[in-house]
Amino acid sequence: MPVSVNHSDVPRAASEQPRRATMRDVAALSGVSIKTVSRVINGVASVSDELRDRVTRAIVQLDFQPNLAASSLRRTDGATRQIALLLENVANPFSATLSRAVEDVAREHGTLVFAGSLDEDPRREMELVRAATLHRVDGILLVPAGRDHGYLHREIRNGTPVVFADRPPRGLAADAVLATNAEGAREAVLHLADHGHTEIAFLGDEHLISTATERLAGYRAALAERGLPERPGRVVWDLPDPESAARAVARMLDSADPPTALFTAQNLVTIGAIQTLQERGLHREIAVVGFDDFPMADLLMPRVTVVAQDVMRIGALAVRRLFERIAGDTSPPREERVPTTLIVRGSGEIPPR
-19 MPVSVNHSDV
-9 PRAASEQPRR
1 ATMRDVAALS
11 GVSIKTVSRV
21 INGVASVSDE
31 LRDRVTRAIV
41 QLDFQPNLAA
51 SSLRRTDGAT
61 RQIALLLENV
71 ANPFSATLSR
81 AVEDVAREHG
91 TLVFAGSLDE
101 DPRREMELVR
111 AATLHRVDGI
121 LLVPAGRDHG
131 YLHREIRNGT
141 PVVFADRPPR
151 GLAADAVLAT
161 NAEGAREAVL
171 HLADHGHTEI
181 AFLGDEHLIS
191 TATERLAGYR
201 AALAERGLPE
211 RPGRVVWDLP
221 DPESAARAVA
231 RMLDSADPPT
241 ALFTAQNLVT
251 IGAIQTLQER
261 GLHREIAVVG
271 FDDFPMADLL
281 MPRVTVVAQD
291 VMRIGALAVR
301 RLFERIAGDT
311 SPPREERVPT
321 TLIVRGSGEI
331 PPR
């Protein structure tokens, strides 16, 4: 039996602000009991096809999102005391440190943190964002993989705050806490130039990632400042892991005009570059400055000079901003930049051969 859809039959909030549809709304629109709606959502086989079709059409029309969070976690104000932290890769040292900073602040708020890895996959990002909203998290802290975040307009409009960390949003006005990527890269390359290097290579992450493009801009700014040309083959990016970085360095070293210094613009890239230098016995002859600190960097010989991000501060500022939004802050979105620090250890001070 066809169901006539009439929006006037759907219960409305007292204000005209958008709100999530409830099971009661679905029941009213489809003309069944709340218990029947629940049985359809949970896939109970005994529900007739006719009732199932009516409920399904109502769910689609209302864009109803089932609340998968345990009811015992919900409070009278509707909060679940849960937030989602969506990262590049929880195994990456940067991501692990950021996660710890978020956990520490969330604990102060009595809130659980559920973390997930995006693996630089925009589809994975959208899947995990959708899963987080289905579980009615109070907010989402996102290190994005996607290039367009306009899809988050609906989530924010429906009451799920989103704050970005490490990388800015695109196609969306939202809070973001970032590092001074270009400035840090510029300082690294100037440091190498000040130690006599004129043949400085850039090795970076995937070129579509905003941090990679900002660090390349800093590299180029430093070369221009010192009057150094950017030679062909000196810039290589789209290096997602240590293995690809190791191969890229090997190709540079085998070229007719190898560099005397490397600026490695991401921690995994730095690890791969050092691996090749050590294998060839060149780790005391070719200078390296890496962007991002990493475990063991100060135990290698020579110890690795890095541009360090204050990851703990980035994470803490981002999650505190998220809790401000959860508490009802409606001020305009803002971007904060956390300064980087050059840590001199030895590898960046090796003079050119």
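Under my numbering, residue 333 is the last one in the sequence shown; the count climbs by one each step, no gaps.
Glycine included, each C-beta is placed from N, C-alpha and C at the ideal position.
Membership of Ser97 in the beta strand (DSSP E) is indicated by the continuous run 92 to 97.
In this structure, DSSP gives Glu315 an extended state, which the three-state scheme calls strand. Contact between the region 219 to 233 and the region 164 to 178 is absent, with fewer than three C-beta pairs closer than 8 Å. If the five residues before and after Ala197 are omitted, its C-beta is found closer than 6 Å to the C-beta atoms of Ala162, all from its own chain and listed in chain order. Per DSSP, Asp237 lies in no beta strand (DSSP E) and is assigned neither H nor E. Straight across, the Cα-Cα distance linking Asn69 with Leu9 is about 42 Å. Three or more beta-carbon pairs drawn from the region 311 to 328 and the region 151 to 159 are found closer than 8 Å, and the two stretches are therefore classed as touching. Every unbroken stretch of the beta strand (DSSP E) spanning 3 or more residues and falling wholly within the region 211 to 295 is given here in chain order: 241 to 244, 267 to 271, 285 to 288. The shortest C-alpha to C-alpha distance from Phe182 to any of Gln258, Val40, Ser79, Arg214 is the one to Arg214. Between the region 77 to 89 and the region 100 to 114 there are fewer than three C-beta pairs closer than 8 Å, too few to call the two in contact. Look at Leu121 here: in three-state DSSP terms it is strand.
Here Thr321 carries a strand assignment [DSSP, helix/strand/coil]. Taking a C-beta distance under 9 Å as the contact criterion, Gly119 and Arg305 qualify as a contact pair.
Per the Cβ contact rule, the region 119 to 129 is not in contact with the region 274 to 282 (fewer than 3 Cβ pairs under 8 Å). The C-alpha of Arg206 is placed about 42 Å away from the C-alpha of Arg104. If you check the CB distance, Thr240 and Ala204 do not come in under 9 Å. For Asp101, there is no enclosing alpha helix (DSSP H), as DSSP gives it neither H nor E.
Our two residues, Arg195 and Leu31, have alpha carbons roughly 57 Å apart in a direct line. In this chain, the beta strand (DSSP E) harbouring Phe182 covers 180 to 183. Inclusion of Asp221 and Pro73 in the CB contact set at 9 Å is not warranted, their separation being larger than that value.
Arg80 counts as exposed, since fewer than 16 other C-beta atoms from the protein chains shown sit within 10 angstroms of its C-beta.
Secondary structure note for Gln41: its alpha helix (DSSP H) is the uninterrupted segment 29 to 42.
Taking a contact as a CB-CB distance under 8 Å, the pair Thr178 and Leu208 counts as one, their CB atoms being some 5 Å apart. When the beta-carbon positions are compared, Val82 and Gly295 come within less than 9 Å of each other.
With fewer than 16 other Cβ atoms inside 10 Å of its own Cβ, Asp218 counts as exposed. Annotation for Gln255: Ala226 place their beta carbon closer than 6 Å to its own, counting only its chain and skipping 5 residues before and after. As a beta-bridge residue in DSSP terms, Ala64 pairs with Phe94, Ile120.
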